[in-house]
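Every letter in the sequence shown is one number past the one before it in full-length UniProt numbering, and letter 160, counting from 1, is 160.
Don't be surprised by glycine CBs; every beta carbon is placed ideally from N, CA and C.
Structure first, commentary second.
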Amino acid sequence: MHRKSKFWSCIKKNTDFYDLTREQQIDALINGGVYVCYNSASSSSSSKLIVKDNVLYLPDLSIKKKPSEDLLDEFYDYVLDISQSDIDTHFYLFFKNFNDSVFGMEFLEQKKVARELFIEIYDSVDVKGIDFLKKEFSKNGIENLKEYNRFLKLKSVRKAKCSALATDDSLISFLGGNEAYFKSSEFLEHNNFLSMLDFEKQLKVLISLNDRYQFTEDVVFSKLGKLKDRYKKYQNTFSSFDVFRFTNNFIEELNENKPSNIDSLHQALLELNLIQAKKESFINYLNTEHNTPTTKLRNYARDVNRSHDFRVLKIKEQLKELIS
């Protein structure tokens, strides 16, 4: 997997977990923070909201159990990894044919062909049930209904594919590091897996066609889109997305003296009030997003470490320019 695995094989084979009933297993996963509980309205007819004598009566709520979002994300990443060869083969064959078909055409001619293919593939993906329309008013005060970004719709389809694939059996096999299960016909020939695989094949083509011909802004799967999605986890740590992006790029570009540079970055962010004061939240960000084995951050009084002071000053100048 492209990032350090938190959940894969976290259930060891020599534990008594597999001797438990399924309900007990799920409860154990909840206690471990792997599954979560949430309140859900009953599906019975009595679950409707009722207003009586100007009093609002809420429906009966029941407690449901489901996998955490972090687990679902890592699980789906794993399934994508083991499916990558099939996805890449489809991608290669598609663009081999496409490149041959547009050879010698001017860019605008190519774009017209690509647009027709994009629409055809997009319509073949099950997005018709996802009708997001947003109301806007023109400068003339005329009301318009505009379609939400198509890649947001595709993101919703991917989430649905993940939910269908992430059965308790599949997730427990993932948590137990059961590679044999994910190579078995039980998994690979299941309709949910085949549906996911077909979707991901088409999605990779759509992303690439759009990147080449820029039909619409990719707010989800582009590098910027992915970064914005990751930022949602750290909105309480960083003062803004721009600061988060600066921090991410700064760390990704470090080639030497990484711990010292991160200490200086942290102090610069603190002095400009651009991050939460609690060090733990920044350490969690470092360990989760950058796989740095960080347990503490050093802060120096001025003139104790001249190299550190110089780095802090330089970083603060860059940050001030960013937020000005």
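C-beta contact flag for residue i and residue j at 8 Å
i       : j       : result
Leu-171 : Leu-80  : no
Asp-211 : Asp-218 : yes
Ile-315 : Ser-281 : no
Phe-174 : Phe-75  : yes
Lys-204 : Phe-91  : yes
Lys-65  : Ile-30  : yes
Ile-26  : Asp-168 : yes
Thr-38  : Ser-68  : The residue asked about is misnamed: residue 38 is Tyr in this sequence, not Thr. Not in contact: Tyr-38 and Ser-68 (Cβ atoms no closer than 8 Å).
Phe-182 : Leu-165 : no
Asn-249 : Gln-276 : no
Ser-62  : Gly-176 : no
Arg-115 : Phe-215 : yes
Asn-261 : Leu-254 : yes
His-290 : Tyr-300 : no
Val-102 : Val-113 : yes
Phe-151 : Phe-221 : yes
Ile-87  : Leu-206 : no
Arg-245 : Leu-227 : yes
Ser-195 : Lys-161 : yes
Lys-111 : Tyr-213 : yes
One or two residues paired with residue i in a DSSP bridge
i       : result
Leu-145 : Lys-135
Lys-223 : None; Lys-223 has no bridge partner.
Lys-67  : The question names Lys, but residue 67 is Pro in the sequence shown. According to DSSP, Pro-67 bridges with Tyr-35.
Ser-62  : Ser-40
Ser-238 : Note that residue 238 is Phe in the sequence shown, not Ser. The partner list for Phe-238 (beta bridge, DSSP) reads Ile-275.
Local conformation of residue i per DSSP, three classes
i       : result
Asn-39  : strand
Val-113 : helix
Ile-207 : helix
Val-55  : strand
Ile-275 : strand
Cys-162 : helix
Phe-151 : helix
Glu-106 : coil
Ser-324 : coil
His-190 : coil
Gln-214 : coil
Ser-45  : Because the pLDDT at Ser-45 is just 48, under 50, the model does not fix this residue reliably, and the value given afterwards should be weighed accordingly. It is helical.
Ser-9   : coil
Ser-184 : coil
Thr-89  : helix
Thr-21  : coil
Val-79  : helix
Thr-15  : coil
Asp-169 : helix
Glu-74  : helix
Val-127 : coil
Leu-254 : coil
Ser-101 : helix
Asn-248 : helix
Residue i: CB within 7 Å of a non-hydrogen atom of the ligand NAP
i       : result
Ser-185 : Because no ligand of any kind appears in the structure shown, any question about the ligand NAP cannot be addressed here.
Exercise for the section: Examine the Cβ distances between the region 143 to 156 and the region 232 to 244 and report whether three or more of them are shorter than 8 Å. Expected result: no
Exercise for the section: Write down every uninterrupted run of the alpha helix (DSSP H) in the region 260 to 310 whose length is 4 residues or greater and which is fully enclosed by it, in chain order. Expected result: 279 to 290
Exercise for the section: Would you check if there are 3 or more beta carbon pairs closer than 8 Å linking the region 259 to 279 to the region 299 to 319? Expected result: yes
Practice task
Check whether the region 153 to 163 touches the region 198 to 205, taking contact to mean three or more Cβ pairs, one atom from each stretch, closer than 8 Å.
Solution key: yes
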